[in-house]
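Undergrad: Note that my numbering has the sequence shown beginning at 4, numbered continuously upward. No residue lacks a Cβ here, since even glycine has one placed at the ideal position from N, Cα and C. What follows is a structure written as structure tokens; I'll ask about it next.
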Amino acid sequence: MLPARPLALLVLVAALATPALSQSAPAPLDLDAAWTRAPEVSADVATRRNDVDVAARTAARAELDPLATGLERLQAEQGLAAAVASLASAERSARISALQAYVAVIQAIDAEAQAVVRADLAQRNLVAARVRHEAGAITDLALSQSAADADGAERAARDAATDLAFAWSDLAAVVGIPGDDLRAAGLAPVPSELPELPDLQTGLASLATVHAGIAAAERALALAELRLRGVDHEGSSPNAVSDARADVATAQRRLEDAVRNAEQQLRAAHQNLLVAYGRLDDARTADASAVTTLEAQRVRQEAGELSPIAWLQAQLDRERAAASLRASVHAAWLQWLRYEQAVAGG
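Structure, rendered in structure tokens:
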């Protein structure tokens with residue numbers, strides 16, 4: 004049987020999973036630090052940074068080479084621009100991965116702590132069921148069901164502890180901190196206050212200047228137009244000119260497709276963010292209601308009108324609402340980052 008854990012400990016552990024502060028205790032990792040560390044640890048980011056260095060050297064050589072054509076210089080410049088955009092995309096992806104791993108730990112802490120309390124509650128219910136069974140108040144089947152519930156709750160608690168260990172390991176890999184050190188330091192809570200909901204029209208208007216996919220399509224169009232100018236003369240065959248013009252037309256269509264796709268993706272991301280903010284508001288309302296309900300149950304408990312089991316259940320219900328609120332905060336932050344990703348185009 005799992006040892007009982009006071010619910011006060013549940014609330015403290017589930018909220019932060021942060022060790023008691025002392026002079027020698029390491030500072031807990033916060034989300035900003037995780038966002039800063041993740042790109043530095045990411046192998047993909049390292050590869051993209053090397054690509055930028057290579058592309059920058061190529062562009063510099065092309066610029067200084069007196070024998071380089073305008074087309075070669077443009078290709079080198081565009082290669083550098085593409086590498087920089089790819090790096091920015093990899094850094095955004097690393098930050099999203101950091102957020103996902105970070106909140107996975109907090110939510111696993113919540114789940115493990117609640118599972119332990121549920122196991123304790125199930126054991127108490129089993130003890131009560133045995134007493135009632137001995138008194139002839141319940142059937143053998145009811146007692147067996149209570150025992151099965153207790154066994155299931157203990158298994159769930161063990162599974163939750165395993166899930167938490169995996170979550171810590173995943174986060175340690177993402178932020179590049181040894182797992183034992185990370186667990187010793189703990190995590191700061193995710194900020195509960197988010198930025199204001201962004202204006203969709205402002206975001207749409209910014210796509211033309213910041214979206215990586217649109218910029219890539221514009222570069223392809225510029226390259227196709229330059230190639231057309233290079234063959235659009237009497238020294239070129241009609242087929243060569245026709246092919247170059249077809250390439251320009253294709254590049255133009257791809258640019259229009261890129262703009263359309265970017266707008267669609269941004270609208271979808273904005274809608275998802277709107278839904279996440281709405282759910283966060285609902286979770287805040289539910290949490291406030293749970294606090295009020297727990298206080299009412301506390302009054303009943305102090306007046307002797309509530310059984311120990313019912314009081315434990317009331318505390319568990321309140322903690323579920325608090326955990327749901329934390330999960331809603333996490334989901335809203337994730338949708339915010341994905342909205343920013345949609346604006347930037349990857």
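Starting from the C-beta of R186, find all residues in its chain whose C-beta is less than 6 Å away, skip the five residues before and the five after it, and write them out in chain order.
TA: Counting only Cβ-Cβ distances below 6 Å, and skipping sequence neighbours, we find W171.
Undergrad: DSSP has L32 in a bridge; who is on the other side?
TA: BP columns for L32 point to L190.
Undergrad: On the DSSP letters alone, give me the boundaries of the alpha helix (DSSP H) that D235 sits inside.
TA: From DSSP, D235 is part of no alpha helix (DSSP H); its letter is neither H nor E.
Undergrad: Go to E115, then tell me how far its alpha helix (DSSP H) extends in each direction, as first and last residue.
TA: 73-137 is the extent of the alpha helix (DSSP H) around E115.
Undergrad: Counting only runs that start and end within the stretch 207-259, where is the alpha helix (DSSP H) found for 4 or more residues in a row?
TA: Those alpha helix (DSSP H) runs which fall completely within the stretch 207-259 and span 4+ residues are 215-234.
Undergrad: Measure the CB-CB distance between A223 and R257 and report whether it falls below 9 Å.
TA: Cβ atoms of A223 and R257: closer than 9 Å.
Undergrad: Where I180 and D260 are concerned, what is the direct C-alpha to C-alpha distance, given to the nearest angstrom?
TA: For I180 and D260, the distance between alpha carbons rounds to 42 Å.
Undergrad: Helix or strand or just coil, what does DSSP make of A140?
TA: Three-state DSSP puts A140 in coil, outside helix and strand.
Undergrad: Which value, in whole angstroms, describes the spacing of the CA atoms of L129 and G206?
TA: Near 57 Å, if we compare the C-alpha coordinates of G206 and L129.
Undergrad: Mind checking G189: buried by the 16 CB within 10 Å criterion, or exposed?
TA: Classification of G189: buried, given that the 10 Å Cβ count is 16 or more.
Undergrad: Leaving out five residues before and five after V302 in sequence, what residues of the same chain have Cβ atoms less than 8 Å from its Cβ?
TA: The answer is none, since no qualifying residue turns up.
Undergrad: Relative to the alpha-carbon of T61, which residue among V48, P42, A84, T50 has its alpha-carbon at the smallest distance?
TA: For T61, the nearest C-alpha among the options comes from A84.
Undergrad: On the three-state DSSP scale, how would you describe Q26?
TA: A caution first: Q26 carries a pLDDT of 49, below 50, which makes its placement in the model too unreliable to give a value.
Undergrad: Could you say if the stretch 284-299 and the stretch 261-270 meet the contact criterion of at least three C-beta pairs nearer than 8 Å?
TA: Output reads no: the stretch 261-270 does not touch the stretch 284-299.
Undergrad: Using DSSP with H/G/I as helix, E/B as strand and the rest coil, what is G281?
TA: Three-state DSSP puts G281 in a helix.
Undergrad: Can you tell which of A326, E305, A279 has its C-alpha closest to the C-alpha of A291?
TA: For A291, the nearest C-alpha among the options comes from A326.
Undergrad: Can you have a look at H236 and say buried or exposed, based on whether 16 or more other CB atoms are within 10 angstroms of its CB?
TA: Exposed, by the Cβ-count rule.
Undergrad: Which residues in the same chain as A335 place their Cβ atom closer than 7 Å to its Cβ, once the five residues preceding and following it in sequence are excluded?
TA: Excluding positions up to five away in sequence, the list reads L197, A279, Y280, L283.
Undergrad: Using beta carbons (cut-off 9 Å, strictly below), is D290 in contact with chain B?
TA: Judged by its chain identifiers, the structure shown contains no chain B, having just a single protein chain.
Undergrad: Would you mind reading off the limits of the alpha helix (DSSP H) that contains D1?
TA: Since the first residue of the chain shown is 4 and the last is 349, residue 1 is not available in this structure.
Undergrad: Cα separation between L146 and A138?
TA: Rounded to whole angstroms, L146 to A138 spans 12 Å at the Cα level.
Undergrad: Taking S327 as part of the alpha helix (DSSP H), name the residues at either end of that continuous run.
TA: Start and end: 311-347.
Undergrad: Between L34, L210, A249, which lies nearest to S100 when the distance is taken from Cα to Cα?
TA: Looking at the Cα atoms, L34 is the closest of the given residues.
Undergrad: State the CB to CB distance for the pair R121 and A156, rounded to an integer number of angstroms; the pair is presumed to be in contact (CB under 8 Å).
TA: Right, the Cβ-Cβ distance comes to about 5 Å (below 8 Å), so this counts as a contact.
Undergrad: Taking its Cβ as the centre, do 16 or more other Cβ atoms sit within 10 Å of V294, making it buried, or is it exposed?
TA: V294 should be labelled exposed.
Undergrad: Tell me whether the beta-carbon of D184 lies closer than 9 Å to the beta-carbon of P29.
TA: Contact flag set, yes.
Undergrad: For D113 and A286, I'd like the C-alpha separation in whole angstroms.
TA: Distance between the alpha carbons of D113 and A286: 16 Å.
Undergrad: Let me confirm a value: Q344 is counted as buried when at least 16 other C-beta atoms fall within 10 Å, else exposed. Which label applies?
TA: By the neighbour-count rule (16 or more Cβ atoms within 10 Å), Q344 is buried.
Undergrad: Am I right that A63 and A71 are in contact with their C-beta atoms under 8 Å? What's the rounded C-beta distance?
TA: Not quite, the Cβ-Cβ distance comes to about 11 Å (not below 8 Å), so this is no contact.
Undergrad: Thinking C-beta only, is A41 closer than 9 Å to A97?
TA: Yes.
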